[in-house]
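Some notes on the structure that comes next.
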Amino acid sequence: MFGTEEQQKIIPICPIHKTPMKFSEETGWGCKKCSPCPAVRDQVDE
């Protein structure tokens, strides 16, 4: 795996499910399995 740090700045990776996350104005950050993602609420503040 290379460039993971660079990608995480653009597309956050769910620390629980290891899947790319998307931002929704309704639920905030979340991946396909968890929306909103409970682990990202602390990390992403935008």
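Okay, so the sequence shown: first residue is 1 according to full-length UniProt numbering, each after it adds one.
Glycine is no exception: its CB is placed at the ideal position from the N, C-alpha and C atoms.
- The beta carbon of cysteine 34 sits closer than 8 angstroms to the beta carbons of Cys14, Ile16 and His17 from its chain, once the five residues preceding and following it are set aside; these are given in chain order.
- Threonine 19 and cysteine 37 have their C-alpha atoms some 11 angstroms from each other.
- Annotation for lysine 32: Thr19 place their beta carbon closer than 7 angstroms to its own, counting only its chain and skipping 5 residues before and after.
- Residue pairing of serine 24 in beta bridges, as defined by DSSP: Gly28.
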